Amino acid sequence: KANPSVILLNIFGGITKADTVALGVKQALEEMHTKIPVVARIKGVNEAQAKEMLRSIGTYPAETVEEAAELAVKVKSGGA
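In our numbering, the protein residues as written are 385 to 464.
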């Protein structure tokens, strides 16, 4: 059984709007009631709304894949 200490999401909404994807992620995380921290990098149409939606549920936002990876390590280490 997996026992992750952090979840890193890298989402690119090409045809699908980023806020639509973020809504699905938000609903899934709320249903799971997980205490695992989530780092999210999201790009695409309606990106600002998507980021705000994910930020509102306590995810750690990142602008680039590199930043997301670094932030995930910091979060895992308790430094974020």
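Glycine included, C-beta positions come from ideal geometry on N, C-alpha and C.
Computed from a predicted structure; not experimentally measured.
- Rounded to whole angstroms, the gap between the alpha carbons of L392 and L413 is 13 Å.
- No residue range can be given for K401, since it is assigned to no alpha helix (DSSP H) and is classified by DSSP as neither H nor E.
- DSSP, reduced to helix, strand and coil, places K385 outside both helices and strands of the structure shown, so it counts as coil.
- Per the C-alpha coordinates, the member of I441, K427, E436 and K401 positioned closest to T448 is K427.
- Contact between T443 and A424 holds, with the beta-carbon distance rounding to 5 Å and staying under 8 Å.
- Secondary structure at V423: strand, using DSSP grouped into helix, strand and coil.
- E431: member of the alpha helix (DSSP H) spanning E431 to R439, first to last residue.
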